[in-house]
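Student: As they're listed, the protein sequences go chains W and P.
The first sequence begins at 745 in the working numbering and counts up by one.
The second sequence begins at 745 in the working numbering and counts up by one.
Positions of the beta carbon are idealized from the N, C-alpha and C atoms, including for glycine.
Quick one: structure below, then a few questions.
2 protein chains.
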Amino acid sequence: MTNSPIEAINVEPRLLCGPGPANISPDVLAALSKPLLGHLDPDMFEILTELAAMTARVYQRDEGDGVTLPISATGTSGMEAGIAALVEPGSTVIIGVNGYFGRRLVEIANRYHANVVEVEADWGQAVTNEALLEALAANPDARLMAVVHAETSSGVRHDLAELGEAMKDNDTFLMADCVTALGGIEVALSAWGVDYAYSCSQKCLAMSPGMSPISISQRAVDFMRSQPKPNTFYLDPQLLEAYWLTRPPAYHHTLPSPLVFGLHEALREVLNEGLEARWARHAEAGAYLQAAMAERNMELLADPAHQLPQLTAVLVPEGIDGAGVQKQMLREHGIEIGGGLPGAPAMWRFGLMGYNANTATADKVLAAFDAVMADAPTLAAA
Amino acid sequence: MTNSPIEAINVEPRLLCGPGPANISPDVLAALSKPLLGHLDPDMFEILTELAAMTARVYQRDEGDGVTLPISATGTSGMEAGIAALVEPGSTVIIGVNGYFGRRLVEIANRYHANVVEVEADWGQAVTNEALLEALAANPDARLMAVVHAETSSGVRHDLAELGEAMKDNDTFLMADCVTALGGIEVALSAWGVDYAYSCSQKCLAMSPGMSPISISQRAVDFMRSQPKPNTFYLDPQLLEAYWLTRPPAYHHTLPSPLVFGLHEALREVLNEGLEARWARHAEAGAYLQAAMAERNMELLADPAHQLPQLTAVLVPEGIDGAGVQKQMLREHGIEIGGGLPGAPAMWRFGLMGYNANTATADKVLAAFDAVMADAPTLAAA
């Protein structure tokens, strides 16, 4: 590059209605630019204690059950932290795969040299608990069963409560990807017996990306303590616990205070609204958008019985240039919607998450979609 | 916890003159709360290209030499990413240890099952290049030589240019911890032959914590490409490169856009100021503070020949309650200074970094320090 001066960034506000990040409230946005606070400041530890406790409430992890805190990195770091801490080379890991993020779980488990047993379903279908439990019966010593509670790449919900119930007397740990679930649909980790869950900050919690809330059951914490140290230092849950929750704390990393402040404000908003009210709001907005798409003869990818409200995957009609439609939505209407991730059928992904989960936002997206589709770019023209 | 409402965070502004985070400019603070932008937005990729190129300029990594980009996590993630990608179980790694962060390098290398050769020096002393090169002569197949360019725990600078020169015809990779160095003292990776460097955003670059700029030489990039995939997915430099630098990009993680915008603005400020002017400003401020401490008969920890300007470790005089002094600085004057990290002698750490690297800030710190020390808490009273 030349040495010419770089211009400051000028960001045009977007309506973010893809798979996330979603828009955030003015108060959460403002919290990101509060004055910085040091990671060892005594006032910081009061904030961390509150933030960890709020995270546990949103996950419905019972007080005294294990460890819940946010990692200072994005959602995939929470996925990796769990595998790194629970899996040894050769451990059997059963993974439900019906989309991109199940596939990512397989990728990470393979990197940690697990013996991976994949239980697959087609894009748009839920992996059945029957098939997962069959795999568990065939691999009774499996260390871990991992499923994607809300598959961001397809909009499919997993019947996690039912799987937890079926596994409740089992020694195999149950892991759930709650990246798109948390704050948008019911999550009840202690009641369901989920041993390890991870999520992100930028979807139904309505914060910016950058933090990954994780929650570990007491029995999984006890197991981790009995194991050799994992390779990873940055993502080691025990080191994170020693900083976030133990008093006096043991320094681990320099906390990104803007993200901590933002997440604190976002979780306050979640709890002030109430979990059930928030799920109901997501359910209403999602059903509204999905009905509107059906009225327009658009085909939804997900099995209706497992359709998430907060993420709607719409198949691109034959001949239409899906990427071109996305581009026009962005450039002509300032609205971000998602496309398909690698391996997916041609689709658009519409998210109504967190601050955006309401019918008024759905109406804005639908109006723009109708305007673009009235003269939609076609593949031949692309 | 009870279900009582949590109050919003109210942060009293601090003058942050410990080992970091340091204060940031109003423009950088404002950049943190620009509207969110999606990680796959076409406008984002222009920003990423600029940001990676600015990062390379600040590191003085030549155009075309390897890969330079920031990781979406704090400084220690950059330390771990390098070890995870360059070291295999059994690889010999020579590490210079003269403080807490050299010790952390040993900890992480051990977690990755390296054969670690430690070359130690006392707190406050530099590890000599002579001793490091002797260790290299005794371990000619060493995969990696790692040193801490600016030891945040003691304020000691390593003679990195000299070590690079001595190793320039060597196959052993040279890694440098530039966490406290970058933006504050000269760093010239390509000229010095540093194969892997990592830093943070919250010290002399004057951004919030949350990003870890890394820079990898071409020969180290080529080596990584020849190796099996590392365990880590989140911190795999090749996956980060495929998202940050390759076009079209391959999705890897959901970028924390507030931190990206903040770092973009912070690096703009660094480059607009000019690297040499910035180093000179740090040198002046640090020398001023250090002279003032000497006038007060305070003993500095670091060997004067290797004293960093941006980080000054002052030994706590006998009988004084060091932690009590820190607390009074914070509570009575709103100034954060650091204490010693685990294993260190009793000390205070004064940082004049980035936005704070000026004599006016030093005067504020000194005035508060004098006021507290006029009636300093003693250990007997503590």
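1) For the region 885–936 of chain W, which segments carrying the beta strand (DSSP E) assignment without a break, of at least 3 residues, lie completely within its bounds, in sequence order?
2) For residue 799(W) and residue 953(W), what's the separation of their Cα atoms in angstroms?
3) Measuring straight from C-alpha to C-alpha, what distance separates residue 745(P) and residue 1106(P)?
4) I want to check one thing, is the minimum distance from the CB of residue 1063(P) to the heavy atoms of the ligand SAH below 7 Å?
5) Counting contacts by CB-CB distance shorter than 8 Å, is residue 1016(W) in contact with chain P?
6) DSSP three-state label for residue 972(W), please.
7) Whose Cβ in chain P lies nearer than 8 Å to the Cβ of residue 1108(W)?
8) Please name the residue, chosen from 824(P), 972(P) and 844(P), that lies closest to residue 995(W) on a Cα-to-Cα basis.
9) When you compare the CB of residue 824(P) with every CB in chain W, is at least one pair closer than 8 Å?
10) At a CB-CB cut-off below 9 Å, which residues of chain P make contact with residue 806(W)?
11) State the DSSP-derived secondary structure class of residue 1100(W), mapped to helix, strand or coil.
12) Going straight from the alpha carbon of residue 933(W) to that of residue 803(W), what length do you get?
13) Under 8 Å by Cβ, that's how I've got residue 888(P) and residue 965(P) pegged, so tell me the actual separation to the nearest angstrom.
14) Classify residue 745(W) as helix, strand or coil using the three-state DSSP reduction.
15) For residue 1126(W), collect the residues of the same chain with a Cβ closer than 6 Å to its Cβ; drop the 5 residues on either side in sequence, then sort them by chain order.
16) What does a CB cutoff of less than 7 Å around residue 1074(W) pick up in its chain, not counting 5 residues either side in sequence?
17) Mind reading off the beta-carbon distance from residue 1166(W) to residue 846(W)? Whole number of angstroms is fine, and I expect it under 8 Å.
18) Who are the near neighbours of residue 1082(P) in its chain, counting only those whose CB is closer than 8 Å to its CB and skipping five residues on each side?
19) I'd like to know if residue 940(P) contacts chain W, where contact means its C-beta is closer than 8 Å to some C-beta of that chain.
20) Just curious, the alpha helix (DSSP H) that residue 814(P) is in, first and last residue?
21) Run through the DSSP bridge pairs and tell me what residue 859(W) is partnered with.
22) Can you pull out the residues from the region 983–996 of chain W whose beta carbon lies closer than 9 Å to at least one beta carbon of chain P?
23) Output yes or no for whether 8 Å exceeds the beta carbon distance between residue 838(W) and residue 850(W).
24) Using alpha carbons as the reference points, say which of 951(W), 869(W), 1024(W) and 1053(W) lies closest to residue 1006(W).
25) Is the beta carbon of residue 1054(W) sitting closer than 8 Å to the one on residue 1101(W)?
26) Could you pull the start and end residues of the alpha helix (DSSP H) that residue 1073(W) belongs to?
27) Find the residues of chain W that neighbour residue 768(P), judging by a C-beta separation of less than 7 Å, and give them in chain order.
28) Could you pull the start and end residues of the beta strand (DSSP E) that residue 820(P) belongs to?
29) Checking contacts by CB at 8 Å: is residue 759(W) closer than that to chain P?
30) Determine which residues of the region 1023–1037 of chain W have a Cβ less than 9 Å from any Cβ of chain P, and write them out in chain order.
31) Identify each residue in the region 923–953 of chain W for which the Cβ-Cβ distance to at least one residue of chain P is less than 8 Å, and report them in chain order.
32) With 16 other CB atoms within 10 Å as the buried threshold, where does residue 886(P) fall?
33) Given a threshold of 16 other Cβ atoms within 10 Å of its Cβ, counted over all protein chains shown, does residue 947(W) qualify as buried or as exposed?
34) On a Cα-Cα basis, can you pick out the residue from 794(P), 750(P) and 1113(P) that is closest to residue 989(P)?
35) Would you mind reading off the limits of the beta strand (DSSP E) that contains residue 1095(P)?
36) For residue 960(W), which beta-bridge partners are listed by DSSP?
Tutor: Taking the structure as given:
1) Complete beta strand (DSSP E) runs here, min 3: 888–892 and 917–921.
2) Those two C-alpha atoms are separated by around 16 Å.
3) With a pLDDT of only 44 at residue 745(P), under the threshold of 50, the placement of this residue in the model should not be trusted; the figure read from the coordinates follows. Taking the CA atoms as reference points, residue 745(P) sits about 42 Å from residue 1106(P).
4) Looking for the ligand SAH in the displayed structure turns up nothing, as the structure carries no ligands at all.
5) Between residue 1016(W) and chain P, the shortest Cβ-Cβ separation is below 8 Å.
6) Three-state result, residue 972(W): coil.
7) Per Cβ cutoff of 8 Å: no residues; residue 1108(W) is ~16 Å from chain P at best.
8) If we check each option's Cα against that of residue 995(W), 844(P) comes out closest.
9) Under the 8 Å criterion on CB atoms, residue 824(P) is classed as interfacial with respect to chain W.
10) Residues of chain P whose Cβ lies closer than 9 Å to the Cβ of residue 806(W) do not exist; the shortest such Cβ separation is about 11 Å.
11) Helix at residue 1100(W).
12) C-alpha separation (whole angstroms): 6 Å.
13) Their Cβ separation, rounded to whole angstroms, is 15 Å, which puts residue 888(P) and residue 965(P) out of contact at 8 Å.
14) Residue confidence for residue 745(W) is low, a pLDDT of 44 falling below 50, so the modelled location carries little weight; the figure read from the coordinates is stated next. Note: residue 745(W) maps to coil in three-state DSSP.
15) With a pLDDT of 47 at residue 1126(W), under the threshold of 50, the predicted position of this residue should be treated as unreliable, and no value is reported.
16) The answer, listed in chain order, is 1080.
17) With chain W running from 745 to 1126 in the structure shown, residue 1166(W) is simply not present.
18) 762, 763, 1070, 1092, 1093, 1094 and 1095.
19) False, the Cβ-Cβ gap to chain W never drops below 8 Å.
20) Careful: residue 814(P) lies outside any alpha helix (DSSP H), inside the beta strand (DSSP E) at 811–815.
21) Looking at the DSSP assignment, residue 859(W) forms a beta bridge with 836(W).
22) Those residues of the region 983–996 of chain W that come within reach of chain P (Cβ to Cβ, closer than 9 Å) are 994, 995 and 996.
23) No, Cβ-Cβ distance for residue 838(W) and residue 850(W) is not below 8 Å.
24) When each option's Cα is compared against that of residue 1006(W), the closest is 951(W).
25) In this structure, residue 1101(W) lies closer than 8 Å to residue 1054(W) by Cβ.
26) Start and end: 1066–1077.
27) Result: 780.
28) It is not in any beta strand (DSSP E) - residue 820(P) instead sits in the alpha helix (DSSP H) that spans 819–830.
29) No, residue 759(W) does not count as interfacial toward chain P.
30) Answer set for the region 1023–1037 of chain W: empty.
31) Correct list: 944, 946, 952 and 953.
32) Here residue 886(P) is buried: its Cβ has 16 or more other Cβ atoms, across all protein chains shown, within 10 Å.
33) Taking every protein chain shown into account, the CB of residue 947(W) has 16 or more other CB atoms within 10 angstroms, so this residue is buried.
34) It is 794(P).
35) Its beta strand (DSSP E) spans residues 1091–1095.
36) Residue 960(W) is bridged to 811(W) and 940(W).
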